[in-house]
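Chains as they are written, first to last, in our numbering: chain A, 3 to 206; chain B, 3 to 206; chain C, 3 to 206; chain D, 3 to 206. Working notes, structure below.
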């Protein structure tokens, strides 16, 4: 047993059943459909130096399910849509009277390109009380054409925006940078090796 | 002693007196009443896989107490109101000139349904300097009818909104997802097993 | 060695040189004065149960120093002002054209009450490019009368507001609640013991 | 083995491969150029007391690369610009119709002062759909004159602002203060030693 405890802070990880996977989502249930939003983690790649870099940004998975009967939703008929970080930015900055529209082709760049077409539309409700979300999926491979609508009130939209704003830096992986900041004393080493052209541009 | 320390980060938990319960609240004291806001944690359920999923969203407990004498409040006569995540969204997005109103029946779906009726009203103060909070509780079981008012200044409301915005992702359990993101190298495994239709919708 | 590792997460603390005190501040240097803002931690009290409760909210310490010569500030002549959580809310919600003013008496409730009078004024700059902060201290005990002005640009004010918004939940102690949320499986215990009147007000 | 586990929380650090460096950035790729934003950590200095203080605020490194061919960027010709905390505040508070401009001289205060001149301009796009970023670098030492433009949509700008707002308190080092707040019981010690003139200004 020769561990050394140092100044500074960081996160320690033990192999095993620590920090198990956690599935979270936030759902909005309405008369004709339900919408569930789930964050998906970013991915990292190890560098030869032992450091890590972000390999792929995370995203939000939207799942739309039509109602089968009152308060029962048919998740077998669900349609999904993945929101990229920039699309999240779009929804976060959407004003009360704004609309937006995203087009996705899950087969883009593959042989089946163009066979499946997904469109997510977010538009203000006529009475200004919120927005509706509409996901249309046209799947020529399955000869399927689905369109699911769900109204989202201003309060529900605020909760989504709050959750989106919270999770966005994690989807970008910036939390991993933030957590890696150490309290090490850099006062000596640093003066000796100024990083030219980087960080001394505005010092007096 | 054969622990292995791995790259990556996560939270470690030791059985015992670690991370004890912490009671926090934020109070606003006024001439005729006091209002205390306390967050209540979300709940998780363990899955067979060892992962966890959110079982129940957290909420905010509002406690209103009438004044008994100057700077003394009668907490025995307190009335409580639980704010759901969506109701929190409502308060967070409330504009200076907006009102809102929530109706709760703590016995909903039980035999005593309708016997207790709670109404929380948040309305702008006439001079535009803030909002007042009014909780009315009509309890036919106890033949009791209480209504407690408390004015909340714009600055006090800002503090509440800041605290609400901070705590909302925790009430949704999204922090547990965020904390479970690992720095593992996923560069190899992932290319081998693309998750179809999920995360490749917008890649070039 | 018979530690047990459990599911769930939390923070572990080792007696010793872990999480040392850290002094941070953010300073604005101008021609005639400098302003430094430093957060001060909230305080907790242990309960008999082993839990903790917030005992005292944290605050922000503002320190104003007049310039002695170009880019030199006379910190011996500094004047300080402690911003409470609600006063922070006031500054955070201040619009471009708004002013605010806080009066403090550090001896309030003591024999020297009224002998020292501090006034912090935050007012828009005439050209709309930001606000100035003015701290006036009248100290009859020392026969001293100081007034320090410092202009703060819109960008500098944005940085302050961002830092204030970040730190506010910590000053309220809500981070300690947030960090104490565990991933424990509550699915069984909870159905058995519904918390009456608290959290079932809005469930279907 | 005589560790003691105490109440309270904090971060534990193990010397070794824990909390490795993590490189994160967020990139915007357009037809004629790419822009990458990377946070750089603040620096701390150890005090004789064992405490730490912030020695230098962190910053954001902007990297602009011109396109070499479709979807290929020439990072050898990249130009960099370091955004200070206040400049970040400027970008965060920029309205849809606002512009801003920053001038940097990486050699300021050295013999080559004035030889390199960098200007970052952020201006609204003519159609109001976002802003363009323009970095001009005039380097008399290398007889080089580069100017790189990249349009940034409103949604992309929202993502930047969200990331900037998240990272700003870390660049200020305030997270280290926040993480050092302990759950220690201060109820006894504190009453004995009131900190005069600091924290009792507004207590009743």
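Where is the CB? At the ideal position from N, CA and C, for every residue including glycine.
Would you decide whether residue 171 (chain A) is buried or exposed? Buried here means 16 or more other CB atoms lie within 10 Å of its CB. In the first chain, the residue the question calls residue 171 (chain A) occupies position 169. The residue is buried, with at least 16 neighbouring Cβ atoms inside 10 Å.
Between residue 131 (chain B) and chain F, is there a C-beta pair that is closer than 7 Å? Protein chains in the displayed structure are A, B, C and D, and chain F is not among them.
Strictly below 9 Å CB to CB, what residues from chain A border residue 187 (chain B)? Translated into the one-based positions of the second chain, residue 187 (chain B) becomes position 185. Simply 45, 46, 47, 48, 54 and 57.
Whose C-beta lies closer than 7 Å to the C-beta of residue 33 (chain C) among residues of the same chain, with five residues either side of it excluded? By 1-based counting over the third chain, the position of residue 33 (chain C) is 31. Cβ neighbours of residue 33 (chain C) within its own chain (closer than 7 Å, five residues either side excluded): 69.
Mind checking the region 23-46 of chain C against chain D and listing, in chain order, the residues whose C-beta falls within less than 9 Å of any C-beta there? 23, 24, 25, 26, 27, 28, 30, 40, 41, 42, 43, 44, 45 and 46
Going by the CB atoms, is the gap between residue 160 (chain D) and residue 94 (chain A) shorter than 7 Å? Against the first chain, residue 94 (chain A) aligns to sequence position 92. Against the fourth chain, residue 160 (chain D) aligns to sequence position 158. A contact, by the Cβ cut-off of 7 Å.
Across the region 57-65 of chain C and the region 31-49 of chain C, are there enough close Cβ pairs to call them in contact, namely three or more that are closer than 8 Å? yes
Chain-ordered chain C contacts of residue 158 (chain B) [CB-CB under 7 Å]: Numbered from its first residue, the second chain carries residue 158 (chain B) at position 156. Within chain C, the residues near residue 158 (chain B) are 88 and 91.
Taking any Cβ of chain B, which residues in the region 172-183 of chain C have a Cβ under 7 Å from it, in chain order? 174, 175, 176, 178, 179, 180, 181, 182 and 183
Could you tell me whether any Cβ in chain C is nearer than 7 Å to the Cβ of residue 165 (chain B)? Here residue 165 (chain B) is taken as the residue at index 163 of the second chain, counted from 1. By this cut-off, residue 165 (chain B) is an interface position.
Quick one: is residue 149 (chain A) near chain B, going by C-beta distance under 7 Å? Position 147 of the first chain, counted from the first residue, corresponds to residue 149 (chain A). Not flagged as an interface residue toward chain B: residue 149 (chain A), since no C-beta distance is shorter than 7 Å.
Residues near residue 81 (chain B) in its chain [Cβ-Cβ closer than 7 Å; skip 5 each side]: The sequence position of residue 81 (chain B) within the second chain is 79, counting from 1. Only 66, 137, 139, 148 and 150 meet the Cβ criterion.
Kindly confirm or deny that the region 44-55 of chain B and the region 21-33 of chain B touch, where touching means at least three C-beta pairs closer than 8 Å. no
For the region 73-141 of chain B, list the beta strand (DSSP E) runs that are entirely contained and at least 3 residues long, ordered along the chain. Fully enclosed beta strand (DSSP E) runs of 3 or longer: 81-85, 102-106, 118-126 and 132-141.
Does the distance from the C-beta atom of residue 154 (chain D) to that of residue 132 (chain D) stay below 7 Å? For the purposes of this step, residue 154 (chain D) is taken as the residue at position 152 of the fourth chain. For the purposes of this step, residue 132 (chain D) is taken as the residue at position 130 of the fourth chain. The Cβ atoms of residue 154 (chain D) and residue 132 (chain D) sit closer than 7 Å to each other.
Taking Cβ to Cβ, would you say residue 59 (chain A) is nearer than 7 Å to residue 173 (chain A)? Translated into positions along the first chain, residue 59 (chain A) becomes position 57. Translated into positions along the first chain, residue 173 (chain A) becomes position 171. Cβ distance < 7 Å, so residue 59 (chain A) and residue 173 (chain A) count as in contact.
Contact under 7 Å by Cβ, residue 25 (chain A) with residue 90 (chain A): As a position in the first chain, residue 25 (chain A) is number 23, starting the count at 1. As a position in the first chain, residue 90 (chain A) is number 88, starting the count at 1. Not a contact, by the Cβ cut-off of 7 Å.
Looking only at its chain, what residues have a beta carbon closer than 7 Å to the beta carbon of residue 19 (chain A), apart from the 5 residues adjacent to it on each side? The sequence position of residue 19 (chain A) within the first chain is 17, counting from 1. The pLDDT assigned to residue 19 (chain A) is 38, lower than 50, so where the model puts this residue is not dependable, and the model offers no usable value.
Exposure of residue 111 (chain A), with buried meaning 16 or more beta-carbon neighbours within 10 Å: For the purposes of this step, residue 111 (chain A) is identified with residue 109 of the first chain, where counting begins at 1. So residue 111 (chain A) counts as exposed.
Output, in chain order, the set of chain B residues within a Cβ distance shorter than 7 Å of residue 168 (chain A). What you label residue 168 (chain A) is simply residue 166 of the first chain in a count that begins at 1. Result: 171 and 176.
Which of the three DSSP states is assigned to residue 183 (chain D) in this structure? The residue you call residue 183 (chain D) lines up with position 181 of the fourth chain. Three-state result, residue 183 (chain D): coil.
By the three-class DSSP mapping on this structure, what secondary structure does residue 26 (chain A) have? On the first chain, position 24 is the one that residue 26 (chain A) refers to. Coil.
Let me make sure I understand the geometry here. Which of C:41, C:55, C:104 and C:176 has the alpha-carbon closest to that of residue 124 (chain C)? Translated into the one-based positions of the third chain, residue 124 (chain C) becomes position 122. The shortest C-alpha separation from residue 124 (chain C) is found at C:104.
Spatial neighbours of residue 114 (chain C) in its chain, beta-carbon cut-off 7 Å, leaving aside the 5 residues before and after: For this step, residue 114 (chain C) is matched to residue 112 along the third chain. For residue 114 (chain C), the CB contacts under 7 Å within the same chain, skipping 5 residues up- and downstream, are 143 in chain order.
Indicate the three-state DSSP secondary structure (helix, strand or coil) for residue 164 (chain D) in the structure shown. Here residue 164 (chain D) is taken as the residue at index 162 of the fourth chain, counted from 1. Residue 164 (chain D) falls in the helix class under three-state DSSP.
Can you pull the chain B neighbours of residue 2 (chain C), defined as C-beta to C-beta under 8 Å? For residue 2 (chain C) there is no data in the structure shown, the boundaries of chain C being 3 and 206.
Against chain B, with Cβ distances strictly below 7 Å, would residue 113 (chain A) count as a contact? For this step, residue 113 (chain A) is matched to residue 111 along the first chain. No, its Cβ sits nowhere closer than 7 Å to a Cβ of chain B.
Cβ-based neighbour list, residue 108 (chain D), same chain, cut-off 8 Å, excluding 5 preceding and 5 following: What you label residue 108 (chain D) is simply residue 106 of the fourth chain in a count that begins at 1. Excluding residues within five positions, the ones whose Cβ falls inside 8 Å are 118 and 120.
Can you round the beta-carbon distance between residue 61 (chain B) and residue 29 (chain B) to whole angstroms, since I take them to be within the 8 Å contact cut? Residue numbering aside, residue 61 (chain B) sits at position 59 when the second chain is read from its first letter. Residue numbering aside, residue 29 (chain B) sits at position 27 when the second chain is read from its first letter. At roughly 18 Å, the Cβ-Cβ gap does not stay under 8 Å, so residue 61 (chain B) and residue 29 (chain B) are not in contact.
Can you tell me the Cβ-Cβ gap for residue 157 (chain D) and residue 92 (chain A), rounded? I've got them flagged as a contact below 8 Å. Translated into the one-based positions of the fourth chain, residue 157 (chain D) becomes position 155. Translated into the one-based positions of the first chain, residue 92 (chain A) becomes position 90. At roughly 4 Å, the Cβ-Cβ gap stays under 8 Å, so residue 157 (chain D) and residue 92 (chain A) are in contact.
Exposed or buried, which one is residue 182 (chain A) when buried takes at least 16 other CB atoms within 10 Å? Within the first chain, numbered from 1, the residue matching residue 182 (chain A) stands at position 180. Around the C-beta of residue 182 (chain A), 16 or more other C-beta atoms lie within 10 Å, and the residue is accordingly described as buried.
Which value, in whole angstroms, describes the spacing of the CA atoms of residue 49 (chain A) and residue 184 (chain A)? By one-based count along the first chain, residue 49 (chain A) stands at place 47. By one-based count along the first chain, residue 184 (chain A) stands at place 182. The alpha-carbon atoms of residue 49 (chain A) and residue 184 (chain A) are separated by roughly 20 Å.
Flag residue 94 (chain A) as yes if its beta-carbon sits less than 7 Å from any beta-carbon of chain D, otherwise no. As a working mapping, residue 94 (chain A) is identified with position 92 in the first chain. The C-beta of residue 94 (chain A) comes closer than 7 Å to at least one C-beta of chain D.
Run through chain A and tell me which residues come within less than 8 Å of residue 139 (chain D), C-beta to C-beta. In the fourth chain, the residue the question calls residue 139 (chain D) occupies position 137. Residues of chain A passing the Cβ test: none, with the nearest at roughly 10 Å.
Helix, strand or coil at residue 171 (chain A) [DSSP, three-state]: Residue mapping note: residue 171 (chain A) aligns to position 169 of the first chain, counting from 1. Helix, per DSSP.
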